[in-house]
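Asks:
2 protein chains.
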Amino acid sequence: MDALEEAILKSGSAAYVAFGSSQDADMRYLTRFSTTDPIVYIKKPGEQGTVVVSQMEYERARRESTASVMTRSEAGLFEIQEEEKDRWRALARMIAGLVHGGVLVSPHFPYALAKELSTLVEVRIDRAALVTMRGRKSEWEIGMIRQVQVAVEEAMQTGITMIRKAGIRGGLLSRGAVPLTSGMVRAAMHQILLRRGCTPADTIVACGEETAFPHIRGEGALRADEPIVIDIFPRDDQTGYYSDMSRTVCRGEPAPEIREMFWAVSEAQDLAEARILPGVTGEEVYRAVVDFFSELGYGTGNSGFVHNLGHGVGLEVHEAPSLGPSGEVLVQGNVVTNEPGLYLPGTGGVRLENIGVIEEGGFITMTRFPRELVP
Amino acid sequence: MDALEEAILKSGSAAYVAFGSSQDADMRYLTRFSTTDPIVYIKKPGEQGTVVVSQMEYERARRESTASVMTRSEAGLFEIQEEEKDRWRALARMIAGLVHGGVLVSPHFPYALAKELSTLVEVRIDRAALVTMRGRKSEWEIGMIRQVQVAVEEAMQTGITMIRKAGIRGGLLSRGAVPLTSGMVRAAMHQILLRRGCTPADTIVACGEETAFPHIRGEGALRADEPIVIDIFPRDDQTGYYSDMSRTVCRGEPAPEIREMFWAVSEAQDLAEARILPGVTGEEVYRAVVDFFSELGYGTGNSGFVHNLGHGVGLEVHEAPSLGPSGEVLVQGNVVTNEPGLYLPGTGGVRLENIGVIEEGGFITMTRFPRELVP
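In structure tokens form, the structure reads like this:
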């Protein structure tokens, strides 16, 4: 029995119910089905989960989903809709008719549907079971993330090579006669990702002062002697899995503060890599890095180490477990990032982000890419 | 006063509250801010909306969001968390502390947060105001969708040219010495889209029997004399707006059933274009097409016209209003697709999809691309 079945029984519910499109990572995980329009998923203990889809999606869902498939018509929705015009009440009646008992739902379950369901059956919230299941990646899932990471490293190589080979004219990086821009590097990396069947999103190629803010995407001409942060986190088109990686590079001569930060971030990453183990909490690893940076005079407020040390990666680019102030116990099978960073407004930032799997003996880094400030 | 402010006042609430990342289209619409991690949005009548973000996102949110910005610390979250470890209860207390009164939320608001908020303040659901607001596109929004549509047509042109120029060897389309595949056409189209700053998703290039199922993505070698359905619906990276377009083409000699279906679908599209008007319901336009197809012997069950006639397009690729069996009244500013299709399992399918704006005088089609079965 898996953690979800246990949670259903333990809560005294008859089934776990989800509602959403496959943009919802829980739905994608439970059904392995990709759909733009919302569907209903019902899982009873001891039975295979079932998705309720439109007639039009029936054939595709049967081919693609790991769940068994029922049409809305088979689920009785159209008969219910003859009496009940409200969309949410009709769906609630359909679900209650299929489940015959209390339902367990995600904290993110739509409030309107939960409210209508509550008038018919007991609705309870699962806060941990599905998060825990999704956190423990299977061998297949790890393979899928690894495949994305291979594409990410190929893209990163392409981007960094463009920067390394750039000319310098009047302080700006150049490619032939034109300035080398953030957009040009991003576009070249995206072409690689696409060819590898991945969809990129909001890839960061930030330069100089922009790099002091971890999530600024970056734009315009890249400059010599300044830090360039590249952060790539695409999703595989077929499977929906992500990977995530960052590097900081400089063409020319970086300022002493940036060299110092790069050294500190590299050391912090090594320190964290050695401490990520099953049974340790994400908070402990995060605190160890905070303490290390603190001894060097870097804080955690508006400047210094302003974000978490890492996060789970899977069907969401940020998911459990967290390596941050409220980080839970790490377990075997977790796939997490190890991404210390330092940021000084007015000067710039440095981030190095690897990804890896937590195995019995420790953290096995998937990322193979070198860390070089001046490549 | 906009429709949302009216709804807040009418419901007797003190504010509208949203929670989510910018994957949530409502959040994107309300804040114009792109973020992977969930944020809180609070809108009181007569005031600008406010987003509550992490310290790390403060600077970026101030630059990029149309809302005013507050950090979690300013919102009192960290003090609350010292007493309250549960994430949802802590967030609920933070929101209640900022709003001082009842809250209005989306039907999709997370159940766990609504449940905790309900213990502190009145929580009411807005079923219509935000949907209506998002449905009436501004000139700026229409411009953004039009820009995506230009990229889509350039991509479509590239894909169809590859098919038109393909050789034929043993019934398969070929490009030089190799078979021309669905993946090759998709990749070439995606390169165009990327160069135009759009992220493609699940682009359909389906051939032959696959085309009988509207959402099968398609794979493998493309074949001569068979229908090829191309459906492209990318999203602009910067603005988050979509466009959506389909064409059906054939290299070689299509079967008489396919020619017949192509004619019927073209006629249906013209018929619908003339009937889409402010004040008409989406259902009426849909029924007119159903009736037209019905006279030609095509049904709406497992084969024939198996999907809706169209849907709104904006920050979601499928949004209100619907041109289907439960289609609401259409209004000026709606951007909708007009996409009749016919599907015969065992034979294939034909779909033609345009997009346009509903103006005072009728439906203004943005799509400029020709409809030719054998291009």
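Quick note, the sequences are listed as chains A and B, same order.
1 is the number of the first residue of the first sequence in the working numbering; add one for each residue after it.
1001 is the number of the first residue of the second sequence in the working numbering; add one for each residue after it.
Every residue, glycine too, gets a C-beta built ideally from N, C-alpha and C.
Treat the numbers as computed from the prediction; the structure is a model and nothing was measured.
List the endpoints of the continuous beta strand (DSSP E) containing residue 978 (chain B).
Replies: This structure cannot settle anything about residue 978 (chain B), because the visible part of chain B is limited to 1001 through 1375.
Asks: Looking only at its chain, what residues have a beta carbon closer than 7 Å to the beta carbon of residue 4 (chain A), apart from the 5 residues adjacent to it on each side?
Replies: Stepping through the first sequence from its first residue, residue 4 (chain A) is reached at position 4. Counting only Cβ-Cβ distances below 7 Å, and skipping sequence neighbours, we find 16, 43, 129, 130, 133.
Asks: With a cut-off of 9 Å, does the C-beta of residue 50 (chain A) fall near any C-beta of chain D?
Replies: Of the chains in the structure shown, none is chain D; the protein chains are A and B.
Asks: Run through chain B and tell me which residues come within less than 7 Å of residue 317 (chain A), C-beta to C-beta.
Replies: The residue given as residue 317 (chain A) occupies position 317 in the first sequence. By Cβ distance, chain B contributes 1036.
Asks: Should residue 1210 (chain B) go down as buried or exposed, given a rule of 16 or more other Cβ atoms within 10 Å for buried?
Replies: Residue 1210 (chain B) sits at position 210 when you count from the first residue of the second sequence. With 16 or more other Cβ atoms within 10 Å, it is buried.
Asks: Taking the alpha-carbon of residue 1095 (chain B) as reference, which of B:1198, B:1061, B:1050, B:1055 has the nearest alpha-carbon?
Replies: Taking the first residue of the second sequence as 1, we reach residue 1095 (chain B) at position 95. Measuring from the Cα of residue 1095 (chain B), the nearest candidate turns out to be B:1050.
Asks: For residue 1268 (chain B) versus residue 1293 (chain B), is the C-beta distance shorter than 9 Å?
Replies: Counting from 1 along the second sequence, the entry for residue 1268 (chain B) is found at position 268. Counting from 1 along the second sequence, the entry for residue 1293 (chain B) is found at position 293. It is a contact, given that the beta carbons lie within the stated cut-off.
Asks: Quick check: the Cα distance between residue 120 (chain A) and residue 92 (chain A), rounded to an integer number of angstroms?
Replies: Here the question's residue 120 (chain A) lines up with position 120 in the first sequence. Here the question's residue 92 (chain A) lines up with position 92 in the first sequence. In a straight line, the C-alpha of residue 120 (chain A) is about 8 Å away from that of residue 92 (chain A).
Asks: Give the straight-line distance between the Cα atoms of residue 1149 (chain B) and residue 1313 (chain B), rounded to the nearest whole angstrom.
Replies: Here residue 1149 (chain B) is taken as the residue at index 149 of the second sequence, counted from 1. Here residue 1313 (chain B) is taken as the residue at index 313 of the second sequence, counted from 1. Going by the C-alpha atoms only, they are around 11 Å apart.
Asks: Report the residue from A:275, A:298, A:240 whose alpha carbon sits nearest the alpha carbon of residue 260 (chain A).
Replies: For the purposes of this step, residue 260 (chain A) is taken as the residue at position 260 of the first sequence. The option with the nearest alpha carbon to residue 260 (chain A) is A:298.
Asks: Quick one: any contact between the segment 1326 to 1339 of chain B and the segment 1194 to 1201 of chain B, if contact means 3 or more CB pairs under 8 Å?
Replies: No, the segment 1326 to 1339 of chain B does not touch the segment 1194 to 1201 of chain B.
Asks: Let me know the secondary structure DSSP gives residue 1026 (chain B) once reduced to three states.
Replies: Along the second sequence, one-based indexing puts residue 1026 (chain B) at 26. If DSSP states are grouped into helix, strand and coil, residue 1026 (chain B) belongs with the helices.
Asks: Using only the alpha-carbon positions, how far apart do residue 117 (chain A) and residue 123 (chain A) sit?
Replies: By 1-based counting over the first sequence, the position of residue 117 (chain A) is 117. By 1-based counting over the first sequence, the position of residue 123 (chain A) is 123. Their Cα atoms are separated by approximately 7 Å.
Asks: With DSSP as the reference, label residue 173 (chain A) as helix, strand or coil.
Replies: Here the question's residue 173 (chain A) lines up with position 173 in the first sequence. Three-state result, residue 173 (chain A): strand.
Asks: If you reduce the DSSP assignment to three classes, tell me which class residue 239 (chain A) lands in.
Replies: Translated into the one-based positions of the first sequence, residue 239 (chain A) becomes position 239. Coil, per DSSP.
Asks: How big is the Cα-Cα spacing for residue 395 (chain A) and residue 1080 (chain B)?
Replies: An answer regarding residue 395 (chain A) cannot be provided, because it is not within the stretch 1 to 375 covered by chain A.
Asks: Starting from the beta carbon of residue 1306 (chain B), find every residue of chain A whose beta carbon is closer than 7 Å, and list them in chain order.
Replies: As a working note, residue 1306 (chain B) is residue 306 in the second sequence. By Cβ distance, chain A contributes 55, 56.
Asks: Quick one: grab the DSSP three-state call for residue 1043 (chain B).
Replies: Taking the first residue of the second sequence as 1, we reach residue 1043 (chain B) at position 43. In this structure, residue 1043 (chain B) counts as strand in the three-state DSSP scheme.
Asks: What residue range is occupied by the uninterrupted beta strand (DSSP E) comprising residue 335 (chain A)?
Replies: Within the first sequence, numbered from 1, the residue matching residue 335 (chain A) stands at position 335. 335 to 338 is the span of the beta strand (DSSP E), which, as asked, contains residue 335 (chain A).
Asks: From residue 1112 (chain B) to residue 1058 (chain B), what distance separates their C-alpha atoms?
Replies: For this step, residue 1112 (chain B) is matched to residue 112 along the second sequence. For this step, residue 1058 (chain B) is matched to residue 58 along the second sequence. Going from the Cα of residue 1112 (chain B) to the Cα of residue 1058 (chain B) covers about 26 Å.
Asks: Should residue 274 (chain A) go down as buried or exposed, given a rule of 16 or more other Cβ atoms within 10 Å for buried?
Replies: Position 274 of the first sequence holds residue 274 (chain A). Looking at its Cβ environment, which holds fewer than 16 other Cβ atoms inside 10 Å, residue 274 (chain A) is exposed.
Asks: Closest Cβ-Cβ distance between residue 1105 (chain B) and chain A: below 9 Å?
Replies: For the purposes of this step, residue 1105 (chain B) is taken as residue 105 along the second sequence, with counting starting at 1. Yes, because at least one Cβ of chain A sits closer than 9 Å to the Cβ of residue 1105 (chain B).
Asks: Go through the segment 1141 to 1204 of chain B residue by residue and report every complete run of the beta strand (DSSP E) that reaches 3 residues or more, in order.
Replies: Runs found: 1167 to 1169, 1172 to 1175.
Asks: For the beta strand (DSSP E) holding residue 1364 (chain B), just list the boundary residues, first then last.
Replies: Counted from its first residue, the second sequence places residue 1364 (chain B) at position 364. That run of the beta strand (DSSP E) goes 1362 to 1365.
Asks: At a Cβ threshold of 9 Å, is residue 1123 (chain B) touching chain A?
Replies: Position 123 of the second sequence, counted from the first residue, corresponds to residue 1123 (chain B). Cβ-Cβ to chain A under 9 Å: yes for residue 1123 (chain B).
Asks: What is the residue span of the alpha helix (DSSP H) that residue 1294 (chain B) lies within?
Replies: Position 294 of the second sequence, counting from 1, holds the residue named residue 1294 (chain B). Unbroken alpha helix (DSSP H) run through residue 1294 (chain B): 1282 to 1295.
Asks: Within its chain, find whatever has a CB closer than 6 Å to the CB of residue 213 (chain A); leave out the 5 residues flanking it on each side and keep chain order.
Replies: Locating residue 213 (chain A) in the first sequence gives position 213, counting from the first residue. Excluding sequence neighbours, residue 213 (chain A) sits near nothing in its chain.
Asks: Residue 1106 (chain B): which of B:1068, B:1027, B:1184 sits nearest, CA to CA?
Replies: Here residue 1106 (chain B) is taken as the residue at index 106 of the second sequence, counted from 1. Cα-wise, what sits closest to residue 1106 (chain B) is B:1027.
Asks: Excluding the 5 residues flanking residue 375 (chain A) on each side, which residues of the same chain have their C-beta closer than 6 Å to its C-beta?
Replies: For the purposes of this step, residue 375 (chain A) is taken as the residue at position 375 of the first sequence. Same-chain partners within the cutoff: 160, 164, 249.
Asks: Assign residue 83 (chain A) to one of three DSSP states: helix, strand, or coil.
Replies: Taking the first sequence and counting its residues from 1, the one referred to as residue 83 (chain A) is at position 83. Here residue 83 (chain A) sits in helix by DSSP.
Asks: Name the DSSP beta bridge partners of residue 20 (chain A), please?
Replies: Against the first sequence, residue 20 (chain A) aligns to sequence position 20. DSSP output for residue 20 (chain A) lists A:39 as bridge partner(s).
Asks: Tell me which same chain residues have a C-beta within less than 7 Å of the C-beta of residue 997 (chain B), skipping the five on either side of it?
Replies: Beyond the ends of chain B as shown, which are 1001 and 1375, falls residue 997 (chain B); an answer cannot be given.
Asks: Given 8 Å as the limit, is there contact between the segment 1135 to 1147 of chain B and the segment 1235 to 1243 of chain B, that is, 3 or more CB pairs closer than that?
Replies: Yes, the segment 1135 to 1147 of chain B is in contact with the segment 1235 to 1243 of chain B.
Asks: List the endpoints of the continuous beta strand (DSSP E) containing residue 392 (chain A).
Replies: Nothing about residue 392 (chain A) can be read from this structure; chain A reaches only from 1 to 375.
Asks: The beta strand (DSSP E) spanning residue 358 (chain A) covers which residue range?
Replies: As a first step, residue 358 (chain A) must be located in the first sequence, where it is residue number 358. Element bounds for residue 358 (chain A): 354 to 359.
Asks: Would residue 23 (chain A) count as contacting chain B if we go by Cβ distances under 9 Å?
Replies: In the first sequence, counting from the first residue as 1, residue 23 (chain A) sits at position 23. Output row for residue 23 (chain A): interface = yes.
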